[in-house]
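For reference, the structure is listed below as structure tokens.
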Amino acid sequence: MHVFVTGATGWIGSATVDELLAAGHEVTGLARSDASAAALQANGAHVRRGDLDDLASIKAGAEDAEAVIHLANKHDFANMAASAAAERAAVQTIGDALAGTGRPFLLASGVAGLTQGRPATEDDASPFHGPDSARGGSENLALDFVDRGVHTVSLRFAPTVHGAGDHGFIATIAAVAREKGVSGYPGEGTNRWAAVHRSDAARLVALGLAKAPAGARLHAVAEQGIPSRDIAAAIGRALGLPVASIALDDVQDHFGWIGMFFSMDLAGTSDRTRELLGWAPTGSTLIEDIDAGAYSAGTPMPA
Ligand SMILES: NC(=O)c1ccc[n+]([C@@H]2O[C@H](COP(=O)([O-])OP(=O)(O)OC[C@H]3O[C@@H](n4cnc5c(N)ncnc54)[C@H](OP(=O)(O)O)[C@@H]3O)[C@@H](O)[C@H]2O)c1
């Protein structure tokens with residue numbers, strides 16, 4: 002199958018491209034820079050130059066392919082509304098381009114914020130609707146296209162897709178620990194984060210393309226929920242720093258933008274996904290990766 006992948010040069014995207022090529026697919030990745038184009042070509046993928054702000058490039062990429070996997074995201078945490086708007090516009094554009102074709106459209110989403118006080122399951126519909134909601138309500142927007150003849154599949158990633166080279170949330174939390182000289186956790190540290198290794202996440206994307214029915218919500222979750230104090234303890238061990246609770250009132254000051262996420266209970270299960278696809282995560286756990294030094298010299302996400 003010829004697959005158009007946005008975000009093909011990203012943390013999850015680059016591993017996904019490897020999985021797709023290994024499965025015999027032809028891949029065209031969206032690239033917004035010479036460096037990204039070169040990286041894609043070096044991996045054996047075709048290149049379509051474009052940008053999330055150039056919707057014509059997204060439309061043309063979707064129309065030329067037999068399937069779309071949308072993983073690009075601006076990740077501008079200082080302006081989350083702008084990231085959400087770009088996300089929604091891209092999803093609308095891809096959905097419109099694929100309407101009536103029955104072609105697969107897999108898009109990145111998350112387990113974050115789906116439920117309160119219990120782990121999110123695949124049966125939990127996203128409460129985020131409309132442009133002003135989290136991620137621009139893009140999961141529900143994309144799933145609405147099932148009724149218009151699009152084979153939409155939502156890829157709900159755990160809040161940490163971890164491994165050596167990760168520059169995401171855990172790398173940012175580790176950077177805060179380095180800067181402050183203490184590995185902190187919010188309040189009691191009992192709030193949990195689901196986790197998945199990058200290799201398992203990428204394998205799930207390829208399996209989802211091959212096997213998931215239209216309308217499926219897949220959970221890329223290997224570990225249901227790791228308490229934030231255990232995450233902080235592992236970071237403290239890895240960096241040789243003391244570990245301490247940060248009062249909930251001080252979380253924002255201490256952690257900056259990541260504090261809001263690190264204080265949330267973001268647990269999730271993946272029983273249905275495993276049953277549906279025969280997916281069995283095999284990668285190292287988050288704590289194993291932190292202990293092995295995956296976050297000891299990482300580069301955090303810019304705010
Ligand atoms: N990683 C996680 O732990 C995690 C957890 C939950 C959900 N997710 C979601 O999964 C998806 C993939 O995440 P990731 O961690 O792989 O992200 P990432 O490493 O930050 O990669 C982002 C990708 O988007 C591309 N991109 C950024 N701005 C763009 C723009 N303006 N136009 C076109 N492309 C642009 C980047 O291209 P360049 O190479 O040119 O920068 C890169 O390929 C995202 O939607 C993310 O929110 C990730």
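Heads up: the sequence shown begins at 2 in the working numbering, then just goes up one per residue. Even for Gly, the Cβ is constructed at its ideal location relative to N, Cα and C.
Would you say the beta carbon of residue i is closer than 7 Å to some non-hydrogen atom of ligand 1?
i    : result
I13  : yes
G226 : no
V162 : yes
F158 : yes
D52  : yes
K75  : yes
L72  : yes
L31  : yes
F146 : no
T270 : no
T10  : yes
F170 : yes
Excluding the 5 residues flanking residue i on each side, which residues of the same chain have their C-beta closer than 6 Å to its C-beta?
i    : result
P303 : For P303, the predicted structure reports a pLDDT of 49, less than 50, and the residue's modelled location is therefore unreliable. A value from the coordinates is still provided. None.
A91  : L53 and I59
G114 : A135
M2   : H26, E67 and A68
A98  : K60, A63 and E64
V162 : I13, V197, R199 and A202
R49  : T29, L31 and G62
Which residue from the options puts its Cα closest to that of residue i?
i    : options                   : result
G14  : D35, A40 and M2           : A40
A135 : A109, L99, E289 and G188  : A109
L142 : G164, A100, I174 and A248 : A100
P105 : L115, S246 and P214       : P214
R149 : G103, T161 and V112       : G103
Q42  : G51, D254, T10 and V197   : T10
G209 : V252, E276, R193 and V112 : E276
T7   : A68, K212 and T274        : A68
G111 : V222, G294 and A46        : V222
L278 : Q253, G260, L240 and L156 : L156
G1   : D266, G294, H152 and D201 : A question about residue 1 goes unanswered here, because the residues of the chain that appear run from 2 up to 304.
A203 : A86, L72, I174 and G45    : L72
Using DSSP with H/G/I as helix, E/B as strand and the rest coil, what is residue i?
i    : result
G138 : helix
A90  : helix
T116 : coil
G226 : strand
H163 : strand
H3   : strand
H255 : helix
G269 : strand
A304 : Any reading at A304 must be qualified, since the residue scores a pLDDT of 49, below 50, and its modelled position is unreliable; no value is offered.
G62  : helix
R49  : strand
W280 : coil
G237 : helix
I'd like to know whether the C-beta of residue i is nearer than 8 Å to at least one C-beta of chain D.
i    : result
A113 : In the structure shown, chain D cannot be found, because there is only a single protein chain.
Suppose contacts are defined by Cβ-Cβ distances below 8 Å. Is residue i in contact with residue j by that definition?
i    : j    : result
I59  : T94  : yes
H220 : P282 : no
D292 : G164 : no
I70  : V147 : no
I259 : F158 : no
F262 : P160 : yes
R273 : E123 : yes
Among the residues of its own chain, which have a CB less than 7 Å from the CB of residue i, if the five just before and after it don't count?
i    : result
Q225 : P120, A195, A268, G269 and T270
L242 : A178, G182, V183 and S184
T116 : D125
G138 : R89, F129, H130, G131 and P132
A83  : K75 and D77
If you drop the 5 nearest sequence neighbours on each side, which residues of the same chain put their C-beta closer than 8 Å to that of residue i?
i    : result
G190 : P228, S229, R230, D231, A233 and S246
H47  : E27, V28, T29, G30 and L41
A24  : A207 and A211
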